[in-house]
Amino acid sequence: MTDFNAMTEALVECDEDKLFEMVNAALADNVPAGDVLNQGLISGMDIVGEKMENGDMFIPEVLMAAQAMGRCVEILKPLLGEEDAGGGANVLIGTVKGDLHDIGKNLVAMMLESAGMNVHNIGVDIAPEEFIAQIKEKNAQIVCLSALLTTTMPMMKQTVEAIVESGLRDQVKILVGGAPVNQAFADEIGADGFAPDAGSASKIAKALLN
Amino acid sequence: MKPQVQFLSTEEIQSIHESSLNILSQTGMRFPAKEALEIFENAGARIVDKDVVKIDATLVAEALKTVPKRKDVVLYGRDPKHDKNFVDHLPSLACMTMATSVMDPFTLEKRSATDDDLAKLTRLADQMECVAVNGGLVTPQEVPGATNDWSTWATCMKNTTKHITGGVYGYRGVLDAIEMGALACGSKEKFLERPFISGWVLTIPPLDMDTASLEAMIEMNRNKIPIMLSSGPILGTTSPVTIAGTVAQAHAEILACITLSQLVNPGAPVVYTSFARGMNMKTSNISMAGPEFAVLKVCMGQMGLSLDMPIRMPSMLRDSKVLDAQAGFETGMVGTLSSFVSDIMDSMQLDTDMVVDYADLVFCNESMASIRHALRDLDVNESTLALDVIDEIGPAGNFLGHKHTFKNFRKELLHSDVFDHNNWERWEQNGSKDIHEIALEKVRLLMEKEHEPLLSKEVEAGIDAIVDAATRDMAEKK
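Chains as they are written, first to last, in the working numbering: chain Z, 12 to 221; chain C, 59 to 536.
The following block contains the structure:
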């Protein structure tokens with residue numbers, strides 16, 4: 012019998028090889044791929060998320076667990092039915108026009124990916140019209156805007172306004188972040204959420220989706 | 059390499075050591091105890107003016123041969139897991155002793171320390187990871203002064219399995235502490251095999267000592283109980299105002315006591331210590347947290363290390379009255395500098411050495427963890443250079459998701475849950491607390507924990523009986 016608890020444990024312990032071995036063994040035992048995904052892997056990542064929130068797990072560990080899960084999902088994918096293979100929300104992330112800061116935005120992208128979202132990281136110095144084109148193309152449900160300079164913060168506002176004008180505002184939730192950004196600014200420009208650091212971004216994104 | 063801080067060059071250390079030897083042979087030191095004078099006389103030292111001993115360099119050199127070196131000294135814990143050795147340099151905290159007041163952790167008011175405080179503080183220090191040596195952080199003020207050393211030993215023994223250090227008064231103080239220790243660990247034989255206590259020995263600068271301290275020292279030497287040997291002159295008051303002269307004089311006093319200890323019992327363990335300090339020249343208040351104090355700790359530590367001896371320095375005492383920015387700076391400056399040369403550092407007192415704030419135990423413990431982290435040997439090797447990882451990640455990549463990061467980040471980065479390293483928003487979410495509030499919350503949580511008694515009722519009663527007998531006898535003497 013497949014021990015999903017042991018699988019979950021291996022994931023929480025970031026033991027990629029052990030997890031990979033267990034998933035393969037389960038499939039060899041004809042355990043349905045959907046059960047492995049839901050009862051073994053996703054429930055494991057839920058625990059990882061909780062531990063991260065409580066400060067019991069660190070970012071490199073969360074990423075390692077997510078990588079371990081990713082490797083297993085690759086072998087499950089061909090075996091999954093439509094229903095199970097649906098995947099997470101589409102997220103668009105980029106740094107606004109005029110701003111070349113990359114690092115923090117990439118960290119947020121990694122954290123969102125680790126929470127099971129389909130992240131499209133479109134880079135830095137992104138103009139409002141490019142965000143709009145990408146929202147359509149990627150069918151995004153969340154747009155994350157990053158700015159690290161007080162001089163580029165107004166560009167966040169312009170980007171939000173452009174999304175409103177394009178008629179896509181109801182389709183997407185907008186999340187903003189970056190060192191000079193705060194909740195008051197997020198409220199002022201009409202964003203849906205603000206994440207003060209990469210560690211809290213995925214929690215806030217998940218909350219916006221629900 | 060191992061990071062280092064030095065104020066004295068090898069030549070200067072040698073020059074100061076020779077100066078100290080000159081002080082001992084020319085000026086000499088006062089040893090007002092009959093037994094000490096007999097021992098020195100038998101060894102060929104010259105005695106002048108009734109009790110001033112002039113000690114030749116050859117006698118000191120003999121003693122330095124037999125005094126145990128770093129690798130041979132262990133401060134035993136009652137529980138062996140708490141043994142403190144000196145093979146590696148891992149700076150740790152010791153309880154400073156004899157504060158008279160506490161900041162109450164619930165009313166936040168300063169009040170007289172009680173035996174109940176001592177029990178609680180000893181239990182807390184027992185749980186602090188960076189505290190290697192426990193002891194009487196406070197002296198209970200409701201206990202008669204003549205025997206409060208006795209009751210302090212008793213309460214400490216009941217509340218910790220770590221090594222305990224503290225004051226001992228005269229021959230009897232030592233013998234009674236040994237009796238208590240024997241009860242706590244099962245037998246006198248067991249205790250003397252692994253004595254889990256050490257006693258303070260303080261000279262009285264310049265070049266003097268008191269009878270009770272000498273007798274206590276001799277009794278500890280006889281039983282090979284480690285002594286925490288300190289000379290603590292005050293710049294410009296009980297030693298020259300200049301650092302070099304003060305170090306030479308303090309080192310001389312320590313050498314004289316080491317000589318006596320090895321004449322009493324070759325191989326008697328000694329921990330090299332100094333309370334050398336400065337004074338406020340307007341008010342005459344002494345300071346144990348100013349810059350000159352830090353310099354003196356490093357210099358004295360270097361002198362002790364030149365003899366390959368274990369080092370203890372009182373370097374996390376703060377002149378500040380409360381756990382504020384001044385206290386933080388004093389902890390950082392004196393604590394960090396001193397840690398380069400010290401193995402154990404007396405700590406956890408404010409108002410120099412008069413007040414214990416419960417929250418400060420958490421603060422000092424965390425400060426020590428930070429200092430330890432900063433003072434680690436830096437490794438440069440294939441794994442730490444990580445060239446293969448740099449190549450793999452390449453330009454514009456990110457190392458956060460790499461196995462090398464995952465494997466090494468916990469030991470490379472210090473993760474404090476006391477010091478706040480978050481951004482403003484997270485700090486606000488966590489209640490906008492300053493360091494005192496955070497430390498206070500943590501110490502209150504620790505105080506809520508229930509503890510099994512560490513000793514049986516019978517053993518505790520036996521220990522109390524020793525204190526009672528001493529109290530009775532002292533009262534009769536009066």
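Beta carbons: idealized from backbone N, C-alpha and C, even for Gly.
DSSP lists I402(C) as the beta-bridge partner residues of S150(C).
Residue environment for M339(C): exposed (fewer than 16 other C-beta atoms within 10 angstroms of its C-beta). Shown in chain order are the members of the region 69-83 of chain Z whose Cβ falls below 9 Å from a Cβ of chain C: F69, I70, P71, E72, L74, M75, A77, Q78. In this structure, DSSP gives L318(C) a helical state, which the three-state scheme calls helix. By the Cβ-count criterion, L66(C) is buried, with 16 or more other Cβ atoms from all chains shown falling within 10 Å of its own Cβ. Residues of the same chain with a CB within less than 6 Å of the CB of A240(C), apart from the 5 flanking positions on each side, are K246, F249 in chain order.
Across the structure, N193(Z) and T394(C) are spaced so that their CA atoms are roughly 36 Å apart. Counted as a single uninterrupted DSSP element, the alpha helix (DSSP H) harbouring S271(C) occupies residues 269-280. Residue environment analysis places L272(C) among the buried positions, since at least 16 neighbouring C-beta atoms fall within 10 angstroms of its C-beta.
Each residue's CA atom was taken as its position, placing A302(C) and I74(C) some 7 Å apart. Counting C-beta atoms within 10 angstroms of its own C-beta, G203(C) has fewer than 16 neighbours from the protein chains shown and is therefore classed as exposed. Here M358(C) is buried: its Cβ has 16 or more other Cβ atoms, across all protein chains shown, within 10 Å. As far as DSSP is concerned, T463(C) takes part in no beta bridge.
Restricting attention to T85(C), A190(C), R376(C), the CA atom closest to the CA of D418(C) is found in R376(C).
In this structure, DSSP gives Y330(C) an extended state, which the three-state scheme calls strand. In the displayed model, A310(C) falls within a helix according to three-state DSSP. Inclusion of L458(C) and L74(Z) in the CB contact set at 9 Å is warranted, their separation being smaller than that value. Taken in chain order, the unbroken stretches of beta strand (DSSP E) that lie wholly in the region 107-151 of chain C and span 3 residues or more are 110-112.
Boundaries cannot be given for T205(C), as no alpha helix (DSSP H) includes it and DSSP labels it neither H nor E. When DSSP assignments are scanned along the region 39-110 of chain Z, the uninterrupted stretches of alpha helix (DSSP H) that are 4 or more residues long and fall wholly within it turn out to be 54-64, 70-87. Separation of L220(Z) and F205(Z) (C-alpha to C-alpha, rounded to the nearest whole angstrom) is 14 Å. L381(C) sits in coil when the DSSP states are folded into three classes, being neither helix nor strand.
Excluding five sequence positions before and after M68(Z), the CB atoms of its chain that fall closer than 7 Å to its own CB belong to V59, K62, given in chain order. Every unbroken stretch of the beta strand (DSSP E) spanning 3 or more residues and falling wholly within the region 125-175 of chain Z is given here in chain order: 129-132, 153-157. Between K220(C) and G135(C), the CB-CB gap stays under 9 Å.
If you compare the alpha carbons of D109(C), M87(C), S405(C) with that of C188(C), the shortest gap goes to S405(C).
The criterion of a C-beta distance shorter than 9 Å is not satisfied by N217(C) and C153(C). Under the three-state reduction of DSSP output, F205(Z) falls in the strand class. Taking a Cβ-Cβ cut-off of 8 Å, the neighbours of N456(C) in chain Z comprise I114, N117, L118, M121, given in sequence order. The C-alpha of Q64(C) lies about 25 Å from the C-alpha of P263(C). Relative to the Cα of A235(C), the nearest Cα in the group R88(C), I283(C), G489(C) belongs to I283(C). For chain C, the residues of the region 18-40 of chain Z that bring a beta carbon within less than 8 Å of one of its beta carbons are C25, in chain order.
The beta carbon of K461(C) falls within 9 Å of a beta carbon belonging to chain Z, placing the residue at that interface.
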